[in-house]
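Asker: Below: one structure in structure tokens.
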Amino acid sequence: MKLRISASGWRCRCNSKHGMFPCRVPPSPDVMAATFMQYQRSGKSGKLSFRQYLVDIGFIDPSIGVAGMDDAVQFVPTPGGPEMLAIPAQPVLGEVQVKALLVDFSDRPGVLPPSHYQDLLFSQGIYPTGSMRDYFKEVSLGKVDVVGTVDGWIRMPKPYSFYTNNESGTNWNSYPHNAPRLAEDAVNAALAGGVKFAQSLDKFGRGIVTALFIIHAGRGAEVMLKPQQGGEIWSHKWNLRNPVEVAPNLSTTIYLTVPHDCKVGVCAHELGHLAFQWQDFYDPNYDEDGAEWDGSGVWDLMAGGSYNGSSARPAHPAPLHKLQHGWISASTITSSGSVKIKPYTATTGHVYKLVSPKFEPTQYLLLESRKRVGFDFDLPGEGLLVWQVDEIKEQFAPVAPGLSLSKQMDAMI
18 MKLRISASGW RCRCNSKHGM FPCRVPPSPD VMAATFMQYQ RSGKSGKLSF RQYLVDIGFI
78 DPSIGVAGMD DAVQFVPTPG GPEMLAIPAQ PVLGEVQVKA LLVDFSDRPG VLPPSHYQDL
138 LFSQGIYPTG SMRDYFKEVS LGKVDVVGTV DGWIRMPKPY SFYTNNESGT NWNSYPHNAP
198 RLAEDAVNAA LAGGVKFAQS LDKFGRGIVT ALFIIHAGRG AEVMLKPQQG GEIWSHKWNL
258 RNPVEVAPNL STTIYLTVPH DCKVGVCAHE LGHLAFQWQD FYDPNYDEDG AEWDGSGVWD
318 LMAGGSYNGS SARPAHPAPL HKLQHGWISA STITSSGSVK IKPYTATTGH VYKLVSPKFE
378 PTQYLLLESR KRVGFDFDLP GEGLLVWQVD EIKEQFAPVA PGLSLSKQMD AMI
């Protein structure tokens with residue numbers, strides 16, 4: 018694709034908000050569409066904004082304002098100022114080891130065999146729509162290899178309802194009636210059952226397990242309507258309230274949880290938080306698009322793109338995420354001219370970074386070309402995407418989503 022570049026002025030709105038909640042996968046598009054229809058039928062659309070309606074029915078995302086939940090935080094900080102656009106503390110390359118624990122309950126027994134999850138998460142080239150390992154190999158251009166083991170089913174000491182507490186397990190203050198307690202019980206039960214945690218699970222040399230998956234019997238609240246949501250756990254990344262030592266100088270402090278019928282999309286999205294230190298890039302303000310959380314939408318794993326292909330073929334991460342880990346390269350444009358932007362292939366990935374004297378030093382545009390191949394097969398179109406970035410803006414703000422997708426141009430590639 019050839020593109021004529023004009024280095025004119027621009028000001029982006031890339032924002033975030035600091036806090037102390039879990040990082041949840043966005044609600045499924047079907048759930049948001051059905052909820053919006055309920056809003057339209059309620060007769061309140063002329064009196065309340067969609068956001069206000071969601072507040073009234075208790076649907077606001079609890080991860081907004083909670084550090085450690087669906088963000089890059091691995092140790093919960095003391096509350097302070099706003100959390101700026103996350104930049105990973107270190108790039109992730111090479112092998113990433115995952116420990117997956119299957120947990121069930123007296124009121125929700127496990128159903129699928131462990132081999133199903135081994136194939137879904139860690140197989141190579143044999144899962145019909147691609148495994149999580151296949152996904153990260155593709156989007157990193159072979160620079161990352163996600164491997165792991167699956168243990169379970171492991172019976173929890175309390176029933177499922179004890180951990181959901183009719184709050185989707187996401188109320189920190191309800192401990193022990195929440196998902197962090199479930200994660201603690203899962204690790205302790207695994208240790209009691211002889212499950213081993215290798216030192217190689219610590220990717221960053223920090224003395225903590227980098228990627229702990231808790232796969233629970235039961236549904237995900239993110240695909241349920243109110244009031245059924247409260248009785249299911251909402252898939253998320255979060256921190257354990259009480260870290261558990263699993264080996265000498267190795268503890269579990271962070272985890273992600275997904276349901277028994279999980280797909281690659283939700284698993285890859287939550288691993289994006291857990292191992293790759295990415296934040297959510299979907300819109301928590303509801304009002305700007307008038308209908309649903311959108312943000313970077315179906316074009317990005319860390320937004321609605323985690324549901325592409327019914328969550329079996331999630332979209333690639335945004336180019337900002339790939340650049341942060343050195344998976345792709347970028348050329349900087351500082352003046353007007355003509356460039357040819359090629360789509361990603363199995364072995365190459367290149368984007369353009371547009372800067373201008375009229376931008377602030379932390380502001381730039383990222384230009385990429387996307388094609389409906391591989392895990393991007395279920396994109397709604399193909400062509401040029403223009404992303405706006407401001408690295409010092411808050412990730413979530415009252416009036417705008419975080420990473421801004423400025424333009425999507427269909428083009429012949």
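My numbering puts the first residue of the sequence shown at 18, with every later residue one more than the last.
Just so you know, even glycine gets a beta-carbon here, dropped at the ideal spot from N, CA and C.
All values reported here derive from a predicted model rather than from experimental measurement.
Specify whether the stretch 250-264 and the stretch 135-143 touch according to this definition: at least 3 beta carbon pairs, one from each stretch, less than 8 Å apart.
Answerer: At 8 Å Cβ cutoff, the stretches do not touch.
Asker: Would you report the Cα separation of Lys-19 and Ser-355, rounded to the nearest angstrom?
Answerer: No answer about Lys-19 holds up, because its pLDDT of 47 lies below 50 and its placement is not dependable.
Asker: Do Val-161 and Gln-135 have their C-beta atoms within less than 8 Å of each other?
Answerer: Not in contact: Val-161 and Gln-135 (Cβ atoms no closer than 8 Å).
Asker: Just tell me which of Lys-154, Glu-249 and His-233 has its CA closest to the CA of Val-240.
Answerer: Of the candidates Lys-154, Glu-249 and His-233, the one whose C-alpha sits nearest the C-alpha of Val-240 is Glu-249.
Asker: Evaluate the contact criterion for the stretch 285-295 versus the stretch 355-368: three or more CB pairs, one atom per stretch, below 8 Å.
Answerer: With the cut-off at 8 Å, the stretch 285-295 and the stretch 355-368 do not touch.
Asker: Considering only their Cβ atoms, is the gap separating Tyr-272 from Ile-231 smaller than 8 Å?
Answerer: Yes, the pair counts as a contact, with Cβ atoms nearer than the cut-off.
Asker: Buried or exposed: which applies to Arg-389, given that a residue is buried once 16 or more other Cβ atoms fall within 10 Å of its Cβ?
Answerer: Label assigned to Arg-389: exposed.
Asker: Asp-407 bridges to which residues according to DSSP?
Answerer: DSSP output for Asp-407 lists Gln-380 as bridge partner(s).
Asker: In whole angstroms, give me the CA-to-CA distance for Gly-159 and Phe-153.
Answerer: Near 8 Å, if we compare the C-alpha coordinates of Phe-153 and Gly-159.
Asker: Please report the straight-line C-alpha distance between Arg-125 and Thr-274, rounded to a whole angstrom.
Answerer: So the alpha carbons of these two residues sit roughly 16 Å apart.
Asker: What residue ranges within the stretch 156-229 form continuous alpha helix (DSSP H) runs of no fewer than 4 residues, ordered along the chain?
Answerer: Counting whole runs of 4 or more residues, the stretch 156-229 contains the alpha helix (DSSP H) stretches 177-181 and 196-209.
Asker: Per DSSP, what are the beta-bridge partners of Ser-386 in this structure?
Answerer: Looking at the DSSP assignment, Ser-386 forms a beta bridge with Leu-401.
Asker: Under three-state DSSP, which class holds Arg-258?
Answerer: If DSSP states are grouped into helix, strand and coil, Arg-258 belongs with the strands.
Asker: Is the beta carbon of His-286 closer than 8 Å to that of His-7?
Answerer: Residue numbering for the chain in the displayed model covers 18 to 430; residue 7 lies beyond these limits and cannot be assessed.
Asker: How many angstroms separate the CA atom of Gln-246 from the CA atom of Leu-218?
Answerer: Cα to Cα, Gln-246 sits roughly 33 Å from Leu-218.
Asker: Where Asp-393 and Thr-187 are concerned, what is the direct C-alpha to C-alpha distance, given to the nearest angstrom?
Answerer: Going from the Cα of Asp-393 to the Cα of Thr-187 covers about 31 Å.
Asker: Would you check if the stretch 111-123 and the stretch 196-204 touch, i.e. whether three or more CB-CB distances between them fall below 8 Å?
Answerer: They touch, by the three-pair rule.
Asker: Quick check on the DSSP output: the beta strand (DSSP E) that includes Tyr-369 runs from which residue to which?
Answerer: It spans 367-371 - the beta strand (DSSP E) in which Tyr-369 sits, taken as one unbroken run.
Asker: Taking Cβ to Cβ, would you say Trp-344 is nearer than 8 Å to Leu-396?
Answerer: Taking 8 Å as the Cβ cut-off, Trp-344 and Leu-396 do not qualify as a contacting pair.
Asker: Should Glu-262 be labelled buried (16 or more other beta-carbon atoms within 10 Å of its own) or exposed?
Answerer: Result: exposed.
Asker: Identify whether Val-240 lies in helix, strand or coil by the three-state DSSP scheme.
Answerer: Looking at Val-240 - three-state DSSP - the assignment turns out to be helix.
Asker: Would the beta-carbon of Lys-280 fall within 8 Å of that of Ala-332?
Answerer: Going by C-beta atoms, Lys-280 is not nearer than 8 Å to Ala-332.
Asker: Check the C-beta distance from Ile-358 over to Glu-385 and give it rounded, since I have them as a contact under 8 Å.
Answerer: That pair is a contact at about 7 Å.
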